[in-house]
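Novice:
Numbering (the UniProt record's numbering), first residue to last: 1 to 949.
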């Protein structure tokens with residue numbers, strides 16, 4: 001084995017492991033296994049045309065060359081993106097720590113208490129700063145959060161308000177936000193009224209409004225009079241607010257807002273050429289059951305101790321499907337955690353100091369610019385100045401020579417300051433304007449800045465009056481707090497996470513190493529494209545590689561989650577139909593087995609959903625599909641299909657399925673959740689798909705980060721390329737491109753380098769080998785467990801794809817053991833549960849990925865077999881149906897060492913059910929959590945300091 005080859009670092013099984021596993025599953029070779037698994041008709045005819053993989057060292061040298069092509073000018077562009085200072089204690093202990101970035105979404109709350117606490121801190125921070133009553137645990141970005149607010153308020157209309165179908169948007173909102181609102185409004189038939197809040201005529205057709213605070217041009221408006229008038233017309237009010245300004249400004253919740261949203265990017269999260277950044281979303285308590293995204297709530301565990309878990313409708317798109325009001329599946333958990341830690345580390349006094357410094361810098365700059373003869377448009381501002389009647393051509397040339405970016409428009413010029421703006425930066429700005437005015441350059445001093453008079457009224461209400469924000473301000477204390485939370489969470493640093501459909505594979509350090517390089521981290525997304533040559537090269541290289549892998553013509557990297565990719569792909573299909581004069585095509589065929597975001601996304605696009613049956617083997621019922629496709633041939637838009645199927649099988653009829661859709665005028669949308677079973681062996685384009693989203697946070701190695709970030713780019717066939725998403729500020733997408741689907745032109749651009757690195761280091765042959773190993777590992781588990789758990793679906797030759805569904809309904813009937821009970825018991829063995837009850841209730845969907853070794857697979861199988869033995873004890877009557885080791889799981893250290901042990905099984909069986917568990921015991925920090933109690937007694941924020949006194 002050549003250890004210099006990255007593929008041998010990425011794939012878990014050794015050469016000997018492979019031979020032993022092949023023998024165990026009765027396959028003569030890896031090639032034979034693949035032939036038995038994947039239908040010959042869909043196999044690629046030639047290997048991937050990608051270069052040989054680079055070593056980790058060679059790749060990092062290559063990336064240094066790309067990074068050097070980005071120009072790091074000082075950017076004062078603003079519009080929701082600002083340079084910030086990431087505290088090293090957070091950078092090293094959270095962002096660069098696999099204990100935080102490799103964890104999964106906290107659906108198994110007992111082994112996720114650390115990140116749940118960090119997210120509860122985030123919610124508390126947002127509630128305090130916005131003046132609202134409840135907040136969620138983050139959304140994708142500010143613009144999409146605004147779109148979620150628009151649709152949420154639309155859904156809140158009373159039944160007798162069907163005529164209220166117009167939504168007012170202040171023209172002073174960020175341009176990328178207005179663009180997103182246009183995207184979301186059109187399919188739902190919402191009419192946007194974009195204008196000046198001071199002069200707009202309100203009427204009874206308006207159901208809501210969106211305001212920017214401070215406005216995009218920097219002015220801090222008093223919106224109270226407008227809000228009063230709007231409320232008289234029965235309107236609800238959403239406010240897009242700057243998080244740092246809220247430290248000083250009167251919060252929107254105190255002057256009538258119903259929803260407050262924005263970005264937490266400037267709380268220690270690098271700009272990264274557009275993302276990822278955690279959006280925030282807060283609202284009045286009355287709207288909590290309509291709020292999109294995840295909410296962290298406080299409950300109790302089986303021992304009566306406080307415990308955290310996700311509350312209310314946290315996966316509502318899976319339950320409500322086509323009736324869902326949102327398709328959100330990925331949040332920005334890791335970035336929300338970073339932002340919350342920023343607030344914990346600085347505390348209320350530190351945040352006030354940062355906000356005050358930014359504001360006073362803007363005041364001092366404004367004063368000096370006035371002395372130079374420049375006109376400042378507004379007297380009340382936080383950090384952004386608007387200059388009018390400027391000679392932008394002259395200033396632009398001088399600023400560029402000084403390596404400075406301002407925001408230029410027909411109305412003048414904008415300067416947005418931030419936490420990193422130093423006294424030298426202020427003097428460099430003044431030098432540009434003095435030279436443009438032909439005057440001597442003034443020199444600001446630190447004392448002048450601090451002595452400046454504030455140009456706004458400071459809020460009277462307290463912020464962050466909670467113990468957690470007032471306790472950890474030294475690095476020692478902060479380091480220990482972060483570590484204490486990390487120790488409560490199970491991640492890939494502990495054991496495999498065999499989640500079907502979620503592909504929790506290795507996130508290699510070499511792929512992530514450059515995330516904090518300034519050349520990538522500190523670039524504003526709206527800089528002139530010639531300053532981002534390195535990023536453009538990287539994005540183009542990733543585009544070309546993914547096109548080769550998928551068989552498509554072009555990619556769009558704008559969607560910043562898988563669900564966002566679904567939405568974008570469907571909009572592209574609809575734009576294509578309209579271009580052909582077939583705008584009536586609005587029927588989406590969706591198999592009954594589909595992921596819940598599929599019908600939710602289709603509903604958000606205004607499509608009519610027709611469900612296609614699955615047969616007894618879990619495959620699409622081709623006869624039913626054909627009947628429905630022909631019935632709707634005049635209005636058929638598309639089929640949404642996952643391949644391999646959500647049931648973990650390569651359906652033999654897929655070519656026939658896609659042909660039926662095309663024959664009836666439709667397009668084929670492929671959900672790319674299972675691309676880890678396609679790469680190098682087949683492809684969406686080869687199968688007949690027209691568009692497909694790729695979960696880069698699954699197949700292409702971007703970490704899940706405890707519930708985000710995610711990236712969901714779409715690839716399209718040649719005929720759909722003209723319709724790829726555009727952007728109002730940076731040229732991208734097709735000539736007839738749909739409106740933008742995320743705030744930044746290239747979505748979460750910073751983390752694209754992870755997938756770029758994965759592909760560069762694996763190479764074409766390595767990527768193909770990874771797919772083969774994923775299939776081998778899955779079939780090895782299937783064979784190892786076959787005498788203990790039956791596999792619900794399998795292919796013609798008895799093989800599964802890269803995942804399998806284990807049937808558990810008999811345990812429920814015979815022993816009273818639910819799949820959720822098995823999930824909790826696995827925690828005692830040190831494992832995260834496979835996917836529970838999806839896509840079939842009373843099942844476990846297992847996906848080992850290619851990154852796990854045979855030893856780890858064996859440990860997982862031993863744990864599953866041991867639990868099956870415990871179930872058999874109950875069936876045989878040797879263990880009680882209610883008082884047994886599975887029903888009491890998970891077992892905490894506190895419970896096991898208690899002097900009041902009264903359970904009918906030993907402490908050793910509870911804590912160390914197999915000998916190897918002792919070697920690396922992971923203790924759940926709480927016992928089984930009471931979900932019902934948490935929903936009935938909803939608490940979604942930290943208690944104030946007073947409660948501790």
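In this text, a Cβ means the ideal position worked out from N, Cα and C, and glycines have one as well.
Rank 645, 589, 642 by C-alpha distance to the C-alpha of residue 627 and give the top, closest one.
Specialist: Here residue 627 refers to the residue found at position 627 of the chain shown. If we check each option's Cα against that of residue 627, 589 comes out closest.
Novice: Could you give the DSSP three-state label for residue 405: helix, strand or coil?
Specialist: Here residue 405 refers to the residue found at position 405 when the chain shown is read from its first residue. Strand at residue 405.
Novice: Is it buried or exposed for residue 100, if we count other Cβ within 10 angstroms and need 16 for buried?
Specialist: As a first step, residue 100 is located in the chain shown; it is residue number 100 there, counting from the start. Residue 100 should be labelled buried.
Novice: What are the start and end residues of the beta strand (DSSP E) that includes residue 692?
Specialist: In the chain shown, counting from the first residue as 1, residue 692 sits at position 692. First-last of the beta strand (DSSP E) with residue 692: 691 to 694.
Novice: Reducing DSSP to helix, strand and coil, say where residue 415 ends up.
Specialist: Taking the first residue of the chain shown as position 1, residue 415 is located at position 415. Strand, per DSSP.
Novice: Would the stretch 517 to 537 and the stretch 722 to 730 be scored as touching if the rule is three or more Cβ pairs under 8 Å?
Specialist: Yes, the stretch 517 to 537 touches the stretch 722 to 730.
Novice: For residue 311 and residue 296, what's the separation of their Cα atoms in angstroms?
Specialist: Translated into the one-based positions of the chain shown, residue 311 becomes position 311. Translated into the one-based positions of the chain shown, residue 296 becomes position 296. Each residue's alpha carbon lies about 6 Å from the other.
Novice: Would you please state the rounded distance, in angstroms, between the beta carbons of residue 881 and residue 874? I believe it to be under 8 Å.
Specialist: Along the chain shown, read from residue 1 onward, the residue named residue 881 stands at position 881. Along the chain shown, read from residue 1 onward, the residue named residue 874 stands at position 874. Rounded, the Cβ-Cβ distance is 6 Å, consistent with contact.
Novice: By the DSSP assignment, the alpha helix (DSSP H) with residue 821 in it spans what residues?
Specialist: Counted from its first residue, the chain shown places residue 821 at position 821. Residues 819 to 828.
Novice: Quick check on the DSSP output: the alpha helix (DSSP H) that includes residue 769 runs from which residue to which?
Specialist: If you number the chain shown from 1, residue 769 lands on position 769. Note, residue 769: alpha helix (DSSP H), 752 to 785.
Novice: Quick one: what's got a C-beta closer than 6 Å to residue 194's C-beta in the same chain, skipping five residues either side?
Specialist: The residue labelled residue 194 in the question sits at position 194 within the chain shown. Cβ within range, chain order: 169, 171.
Novice: Take residue 148 as the anchor and find which of 125, 259, 464 has the nearest alpha-carbon.
Specialist: Here residue 148 is taken as the residue at index 148 of the chain shown, counted from 1. Of the listed residues, the one whose Cα sits closest to residue 148 is 259.
Novice: Identify, in the order they occur along the chain, each residue of the same chain with its Cβ nearer than 6 Å to the Cβ of residue 257, setting aside the five sequence neighbours on each side.
Specialist: The residue given as residue 257 occupies position 257 in the chain shown. Around residue 257: 237, 239.
Novice: By how many angstroms is the C-alpha of residue 130 removed from the C-alpha of residue 426?
Specialist: For the purposes of this step, residue 426 is taken as the residue at position 426 of the chain shown. For the purposes of this step, residue 130 is taken as the residue at position 130 of the chain shown. About 30 Å.
Novice: Give the secondary structure of residue 315 by DSSP, where H, G and I count as helix, E and B as strand, and everything else as coil.
Specialist: Here the question's residue 315 lines up with position 315 in the chain shown. Since pLDDT at residue 315 reaches only 44, below the 50 mark, its modelled position is unreliable, and the value read off the structure follows with that caveat. Residue 315: coil per DSSP, three-state reduction.
Novice: If you run the structure through DSSP and keep just helix, strand and coil, what is residue 943?
Specialist: Here residue 943 is taken as the residue at index 943 of the chain shown, counted from 1. In this structure, residue 943 counts as coil in the three-state DSSP scheme.
Novice: Using a Cβ-Cβ cutoff of less than 6 Å, which residues in the same chain neighbour residue 766 once the five nearest sequence positions on both sides are dropped?
Specialist: Position 766 of the chain shown, counting from 1, holds the residue named residue 766. Here the set comprises 7, 53.
Novice: From residue 614 to residue 838, what distance separates their C-alpha atoms?
Specialist: Position 614 of the chain shown holds residue 614. Position 838 of the chain shown holds residue 838. Computed Cα separation, rounded: 15 Å.
Novice: Within 10 angstroms of the Cβ of residue 16, are there 16 or more other Cβ atoms? Answer buried if so, exposed if not.
Specialist: Position 16 of the chain shown, counted from the start, is the residue given in the question as residue 16. It is exposed - the Cβ of residue 16 has fewer than 16 other Cβ atoms within 10 Å.
Novice: With residue 720 and residue 576 assumed to form a contact (beta carbons below 8 Å), what rounded beta-carbon distance in angstroms separates them?
Specialist: By 1-based counting over the chain shown, the position of residue 720 is 720. By 1-based counting over the chain shown, the position of residue 576 is 576. The Cβ separation is near 6 Å, so the contact holds.
Novice: Closer than 7 Å by C-beta to residue 443: which residues in its own chain qualify, once you throw out the five before and the five after it? Chain order, please.
Specialist: Here residue 443 corresponds to residue number 443 of the chain shown, with the count starting at 1. So the list reads 427, once near-sequence residues are dropped.
Novice: What residue from 248, 344, 12 has the CA that sits closest to residue 950's CA?
Specialist: Coverage of the chain is limited to positions 1 through 949, which leaves residue 950 absent and any answer about it impossible.
Novice: Would DSSP call residue 1 helix, strand or coil?
Specialist: Counted from its first residue, the chain shown places residue 1 at position 1. Note on residue 1: pLDDT 46, under 50, position unreliable in the model; no value is reported.
Novice: How many Å lie between residue 534 and residue 583 at the Cα?
Specialist: If you number the chain shown from 1, residue 534 lands on position 534. If you number the chain shown from 1, residue 583 lands on position 583. Rounded to whole angstroms, residue 534 to residue 583 spans 40 Å at the Cα level.
Novice: Using a 10 Å radius around the Cβ and a threshold of 16 neighbouring Cβ atoms, would you call residue 389 buried or exposed?
Specialist: For the purposes of this step, residue 389 is identified with residue 389 of the chain shown, where counting begins at 1. Counting Cβ neighbours within 10 Å, residue 389 comes out exposed, since fewer than 16 surround it.
Novice: Determine, using beta carbons only, whether residue 674 and residue 832 come nearer to each other than 8 Å.
Specialist: As a working mapping, residue 674 is identified with position 674 in the chain shown. As a working mapping, residue 832 is identified with position 832 in the chain shown. Cβ atoms of residue 674 and residue 832: not closer than 8 Å.
Novice: Of the choices 409, 440, 341, whose alpha-carbon is the least far from that of residue 470?
Specialist: In the chain shown, the residue the question calls residue 470 occupies position 470. Nearest C-alpha to residue 470: 341.
Novice: Run through DSSP, which three-state label would residue 52 get?
Specialist: By 1-based counting over the chain shown, the position of residue 52 is 52. DSSP places residue 52 in strand when its eight states are reduced to three.
Novice: On the DSSP bridge list, what partners appear for residue 497?
Specialist: The residue you call residue 497 lines up with position 497 of the chain shown. DSSP output for residue 497 lists 832 as bridge partner(s).
Novice: Pick from 754, 569, 631: whose alpha carbon is nearest that of residue 737?
Specialist: Locating residue 737 in the chain shown gives position 737, where the first residue counts as 1. Answer by Cα proximity: 569.
Novice: By a C-beta neighbour count over all protein chains shown, 10 Å radius and 16 as the cutoff for buried, is residue 314 buried or exposed?
Specialist: In the chain shown, counting from the first residue as 1, residue 314 sits at position 314. Because residue 314 sits at a pLDDT of 47, beneath the cut-off of 50, its placement in the model cannot be relied upon, and the following sentence gives the value as read from the coordinates. Classification for residue 314: buried.
Novice: Return yes when the Cβ of residue 651 is within less than 8 Å of the Cβ of residue 659, no when it is not.
Specialist: Sequence index remark: in the chain shown, residue 659 carries index 659 (1-based). Sequence index remark: in the chain shown, residue 651 carries index 651 (1-based). Their beta carbons are not under 8 Å apart, which means residue 659 does not touch residue 651 by this criterion.
Novice: From residue 23 to residue 291, what distance separates their C-alpha atoms?
Specialist: Indexing the chain shown from 1 puts residue 23 at position 23. Indexing the chain shown from 1 puts residue 291 at position 291. Cα to Cα, residue 23 sits roughly 52 Å from residue 291.
Novice: Out of curiosity, what's the CA-to-CA distance linking residue 35 and residue 865?
Specialist: Working through the chain shown from its first residue, we reach residue 35 at position 35. Working through the chain shown from its first residue, we reach residue 865 at position 865. Between residue 35 and residue 865, the C-alpha separation is close to 29 Å.
Novice: On the criterion of 16 or more Cβ atoms from any shown chain inside 10 Å, does residue 222 qualify as buried, or is it exposed?
Specialist: Here residue 222 refers to the residue found at position 222 of the chain shown. Exposed, because fewer than 16 other Cβ atoms sit within 10 Å of the Cβ of residue 222.
Novice: Between the beta-carbon of residue 265 and the beta-carbon of residue 107, is there less than 8 Å?
Specialist: As a position in the chain shown, residue 265 is number 265, starting the count at 1. As a position in the chain shown, residue 107 is number 107, starting the count at 1. No, they are not a contact pair.
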